[in-house]
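Chemist:
Protein chains: 2
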Amino acid sequence: MEEEQVIRMDLCSSGKEKPQSDQLAFGRTFTDHMFLMDYTDEKGWHDPRVVPYEPLTVDPSAMVFHYGQSVFEGMKAYLTAEGDVQLFRPQRNFKRMNHSNDRLCIPPIDEAFALKAVKQLVALEKDWIPEAEGTSLYIRPFIISTEPFLGVAPSSHYQFIIILSPVGAYYKEGINPIKIAVENDYVRTVAGGTGEAKTGGNYAASLKAQEMAEEGIAQVLWLDGVERKYIEEVGSMNVFFKINGKVVTPALNGSILEGVTRNSVIQLLKHWNVPIEERKISMDEVYQAHKEGTLEEAFGAGTAAVISPIGELVSHHEHLEINSGQTGATAKRLYDTLTGIQYGKIQDPFDWVEKVEDIRQGTLRASG
Amino acid sequence: MEEEQVIRMDLCSSGKEKPQSDQLAFGRTFTDHMFLMDYTDEKGWHDPRVVPYEPLTVDPSAMVFHYGQSVFEGMKAYLTAEGDVQLFRPQRNFKRMNHSNDRLCIPPIDEAFALKAVKQLVALEKDWIPEAEGTSLYIRPFIISTEPFLGVAPSSHYQFIIILSPVGAYYKEGINPIKIAVENDYVRTVAGGTGEAKTGGNYAASLKAQEMAEEGIAQVLWLDGVERKYIEEVGSMNVFFKINGKVVTPALNGSILEGVTRNSVIQLLKHWNVPIEERKISMDEVYQAHKEGTLEEAFGAGTAAVISPIGELVSHHEHLEINSGQTGATAKRLYDTLTGIQYGKIQDPFDWVEKVEDIRQGTLRASG
Ligand SMILES: Cc1ncc(COP(=O)(O)O)c(C=O)c1O
Ligand SMILES: Cc1ncc(COP(=O)(O)O)c(C=O)c1O
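If you read the protein sequences in the order shown, they are chains A and B.
Using full-length UniProt numbering, the letters of the first sequence map in sequence onto residues 1 to 368.
Using full-length UniProt numbering, the letters of the second sequence map in sequence onto residues 1 to 368.
#1: Using DSSP's beta-bridge definition, name the partner residues of R358 (chain A).
#2: Quick one: which chain B residues come within Cβ less than 8 Å of P55 (chain A)?
#3: Check whether the Cβ of S206 (chain B) lies closer than 6 Å to any heavy atom of ligand 2, and answer yes or no.
#4: Is there a C-beta anywhere in chain B that falls below 7 Å from the one on A205 (chain A)?
#5: Taking C-beta pairs closer than 9 Å, name the residues in chain B that S21 (chain A) reaches, listed in chain order.
#6: Would the beta-carbon of G225 (chain B) be found less than 6 Å away from any heavy atom of ligand 2?
#7: Taking the C-alpha atoms as reference points, what is the distance between D47 (chain A) and G254 (chain B)?
#8: Of the choices B:E318, B:G302, B:H271, whose alpha-carbon is the least far from that of H290 (chain B)?
#9: What's the C-alpha gap between E196 (chain A) and E258 (chain A)?
#10: Label G340 (chain A) either buried or exposed according to how many other C-beta atoms from any shown protein chain fall within 10 Å of its C-beta, with 16 as the threshold for buried.
#11: Short check: CB of T327 (chain B) to CB of P107 (chain B), under 7 Å?
#12: Does residue 378 (chain A) pass the burial test, meaning 16 or more other C-beta atoms within 10 Å, or should it be called exposed?
#13: Using a C-beta to C-beta distance shorter than 8 Å, which residues of chain A count as neighbours of P154 (chain B)?
#14: Using a C-beta to C-beta distance shorter than 8 Å, which residues of chain B count as neighbours of H66 (chain A)?
#15: Quick one: does the C-beta of G74 (chain B) sit closer than 6 Å to a heavy atom of ligand 2?
#16: Looking only at its own chain, which residues have a Cβ that is under 8 Å from the Cβ of G134 (chain B), when we skip the five neighbours before and after it?
#17: Does M281 (chain A) come within less than 7 Å of chain B when only Cβ atoms are used?
#18: Does any C-beta atom of chain B lie closer than 7 Å to the C-beta of G193 (chain A)?
#19: If you measure from the CB of N238 (chain A), is any heavy atom of ligand 1 nearer than 6 Å?
#20: Please confirm whether any heavy atom of ligand 1 lies closer than 6 Å to the CB of L221 (chain A).
#21: May I ask you to report which of helix, strand or coil DSSP gives W128 (chain A)?
#22: Give the straight-line distance between the Cα atoms of Q5 (chain A) and Y158 (chain A), rounded to the nearest whole angstrom.
#23: Are the stretch 206-213 of chain A and the stretch 205-213 of chain B touching by the rule of at least three beta carbon pairs closer than 8 Å?
#24: Contact between the stretch 101-118 of chain B and the stretch 133-153 of chain B is defined here as three or more beta-carbon pairs at a separation below 8 Å; is this criterion met?
#25: Can you list the residues of chain B that residue 443 (chain A) reaches, using a CB-CB cut of under 7 Å?
#26: Only counting runs of 4 or more residues, tell me where the alpha helix (DSSP H) segments fall wholly within the stretch 251-279 of chain B, in order along the chain.
#27: Whose C-beta lies closer than 8 Å to the C-beta of R49 (chain B) among residues of the same chain, with five residues either side of it excluded?
#28: Are the CB atoms of P130 (chain B) and P166 (chain B) nearer to each other than 7 Å?
#29: Sorry if obvious, but does the Cβ on T194 (chain A) come closer than 6 Å to a heavy atom of ligand 1?
#30: Just to check my reading of the structure: E73 (chain B) and N93 (chain B) have Cβ atoms closer than 8 Å, yes? What is that Cβ distance to the nearest angstrom?
#31: Determine the contact status of K242 (chain B) and T330 (chain B), defining contact as a CB-CB distance below 7 Å.
#32: List the residues of chain A whose Cβ lies closer than 8 Å to the Cβ of R103 (chain B), in chain order.
#33: Could you confirm whether any beta carbon from chain B is found closer than 7 Å to the beta carbon of R28 (chain A)?
#34: Could you check where the beta strand (DSSP E) with K95 (chain A) kicks off and where it finishes?
#35: Give the residues of chain A in contact with M34 (chain B), contact being defined as C-beta atoms less than 8 Å apart.
#36: Within the same chain, show all residues whose beta-carbon is closer than 7 Å to that of G27 (chain A), passing over the 5 residues directly before and after it, in chain order.
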């Protein structure tokens, strides 16, 4: 994109009814508008536009349906008590999107422009941001390959789309410990695969393990695909263990997703002088710590659920209870601090928050 | 599906122009009609119909765009010199589709009904089957998850679609040896993953290796994701090596696709009393055989290319020339026999061929 791109605005005349804050499900309701942008090899990314939320028209032979060339991101817009709209480290999402793009052979997007597009769309849909505690506007940017061609090769046409969904808390019960199962049969991905990328295939691969898991299992804990010993991550969260006063999380090894929440947790722990190690951690180490009584806490960290304490870890009919099934102090402090910063309730010493200005219906210029 | 399902026919009045036989690309042109069928948790698979080929209308939040829950198949319809239309072992494709469905948590289809749907659609589009040597009508059945929901869980809505594309030979040069690169960095999948299933994510994961491969590389040869030593398969083909008079192919280990062509090759070789082994085979064994002069042939086998002799194998700047870069006798015999059976030129001792009756515009009944 060499010229300045202007986002064309094609707004709908009347909006849909908004759901009640206490009736929000996750990812089921979408706002009145969406952002779209097209890519062709000849024109690059072009024709950015905000249009009414409506079905896409996609050829049955579009490559995304057959060869899964797609990436996505997930972030949230938060409403503060003062009525301001805030994003949390959105730059990292678009950086990660480009990282995913690279792995999936999708042409890179202009990260700064994508952020402006999000801001413009969120500003337009401000009235859709729910107000109740723990609720937010979930933002889903994604790219799909749309060339009508049945051949295994990178597509020459793509669409970059952003949709918005007002969401309640991810786990209806709030910050309550969940039950996680260690997955011993299925593998999500392996080094050299697509685990570091946020692409559909990783999630498609994960469904079966969840289906096979016993009742009451919130998500599964993935082990590495090679030795089936080392902990990778949970369904849609990175994972942390507090053992003997130290927090440990699996190092970025090429097969786990680098979570924005993970990075924020690590920074907060360092800021608080809580020892934090990024390294390989095996299930054996966790079992051993549990046996010795040094497994103090376990929790997942991700945008959707923020911090999710793990109260019970199930593996091969063994049930490990962690911290008597209660939320630990570290998980609680992280949850309160992260949500505090996100909702503008506490100070943001890290400059993580990005304000969305009230520019309703204005147009946006960005150099591409 | 408890009742008999009738395929509703909604035909277009005038057809598109058909491409010249000598100008056929692979997977770029589609016929006038397609088959569709819907699934909901309440109704099961329902409303089978043949409609004009046209874009699908899909919600931007449809799960297939985000979480990659999709499967597909690939088979061909062949026109014989007598004007008959033949399919090659299509039952295996729908059986494999259900195997893929199971791995991807997609509800199973009625295999017999799907085959009838293919036959009805192909019969209707008979005029689209090209006549020239090596050409055929490529059949692409696929299932996509269409529930509008941003959550990692199996979809509750799906569409099963069949589209048809008249195709020329997969490799324009015909049965000419290709150059294959051994992939040492990227991994397609691993045991416990989705390698046995025909699902988009496997192909999305494969694009990068192809992009990184040097000029002139037709496809890459995947090694196992654990030890990175054992041969798995080629991009869209299973692979065979003839070493010292014996043919060897990697055993089905849970991470490679069970090809219909692979199975047919094995049966043919047994029928001919050519020794054939399905077992682990390492790249070291292939290098060693090459060094000792016992690596007689290598070839890929798949629906699109039928048999593709491998004339050169590239790895870490080593170039192995196989059979002086010529098509070997075994590859040639397999190619001639398989295409001979498919095009009705030679006898079919295995009952592999399935005729498509000329039932244009008739309706079809099947119990679901
Ligand atoms: C597989 C996986 N791991 C980890 C995460 C957490 O990442 P983030 O904190 O950026 O939401 C997510 C969710 O985005 C995920 O899908
Ligand atoms: C990964 C992969 N392996 C092998 C094959 C060969 O299978 P078949 O002979 O059924 O076409 C294909 C093509 O379908 C494939 O995509």
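Cβ coordinates follow ideal geometry from the N, Cα and C atoms, glycine included.
What you are looking at is a predicted structure, and each value in this text was computed from that prediction instead of being measured.
Modeler: Well, looking at it:
#1: Contrary to the premise, residue 358 (chain A) reads as Asp rather than Arg in this sequence. Note: D358 (chain A) sits in no beta bridge, so no partner.
#2: Residues of chain B with a Cβ closer than 8 Å to the Cβ of P55 (chain A) are, in chain order, T57, V58, D59, P60.
#3: No, the Cβ of S206 (chain B) stays beyond 6 Å of every heavy atom of ligand 2.
#4: Yes - at least one Cβ of chain B is within 7 Å of the one on A205 (chain A).
#5: Scanning chain B for C-beta atoms nearer than 9 Å to the C-beta of S21 (chain A) yields nothing, as the closest lies near 18 Å away.
#6: No; taking the cut-off as 6 Å, the Cβ of G225 (chain B) has no heavy atom of ligand 2 nearer than that.
#7: Straight-line spacing of the CA atoms in D47 (chain A) and G254 (chain B) works out to 44 Å.
#8: Out of B:E318, B:G302, B:H271, B:E318 has the C-alpha closest to the C-alpha of H290 (chain B).
#9: Each residue's alpha carbon lies about 7 Å from the other.
#10: It is exposed - the Cβ of G340 (chain A) has fewer than 16 other Cβ atoms within 10 Å.
#11: The answer is no: Cβ separation not under 7 Å.
#12: The requested residue 378 (chain A) does not occur in the structure, where chain A is confined to residues 1 to 368.
#13: At a C-beta separation below 8 Å, P154 (chain B) has these neighbours in chain A: L207, E211.
#14: In chain order, S70, F72, R140, F142, G200, Y203 make up the part of chain B whose C-beta sits under 8 Å from the C-beta of H66 (chain A).
#15: Yes, Cβ of G74 (chain B) sits closer than 6 Å to a heavy atom of ligand 2.
#16: Excluding sequence neighbours, G134 (chain B) sits near G168, A169, G174, T339.
#17: In the sequence under discussion, the amino acid at residue 281 (chain A) is Ile, which differs from the Met named in the question. The beta carbon of I281 (chain A) sits no closer than 7 Å to any beta carbon of chain B.
#18: Between G193 (chain A) and chain B, the shortest Cβ-Cβ separation is below 7 Å.
#19: In this structure, N238 (chain A) has its beta carbon less than 6 Å from a heavy atom of ligand 1.
#20: No, Cβ of L221 (chain A) sits at least 6 Å from all heavy atoms of ligand 1.
#21: Three-state result, W128 (chain A): helix.
#22: Taking the straight line joining both Cα atoms gives about 17 Å.
#23: Taking one beta carbon from each stretch, the stretch 206-213 of chain A and the stretch 205-213 of chain B have fewer than 3 pairs nearer than 8 Å; the two do not touch.
#24: With the cut-off at 8 Å, the stretch 101-118 of chain B and the stretch 133-153 of chain B touch.
#25: The structure shown does not extend to residue 443 (chain A), since chain A spans only 1 to 368, so no value can be given for it.
#26: Here the runs fully enclosed are 260-271.
#27: Close CB contacts of R49 (chain B) within its chain, under the 8 Å cut and outside five residues either way in sequence, are with I7, R8, M9, D10, F35, L36, M37 (chain order).
#28: Yes.
#29: Checking the Cβ of T194 (chain A) against ligand 1 gives no.
#30: Contact annotation, E73 (chain B) with N93 (chain B): C-beta distance approximately 4 Å; criterion of less than 8 Å satisfied.
#31: K242 (chain B) places its beta carbon less than 7 Å from that of T330 (chain B).
#32: Simply K208.
#33: Closer than 7 Å to some Cβ of chain B, the Cβ of R28 (chain A) qualifies, so yes.
#34: DSSP places K95 (chain A) outside any beta strand (DSSP E); the residue lies instead in the alpha helix (DSSP H), whose first and last residues are 90-103.
#35: Using a Cβ-Cβ cut-off of 8 Å, M34 (chain B) is close to P60 of chain A, given in chain order.
#36: For G27 (chain A), where only same-chain residues beyond five positions count, the Cβ hits under 7 Å are Y138, S165, V167.
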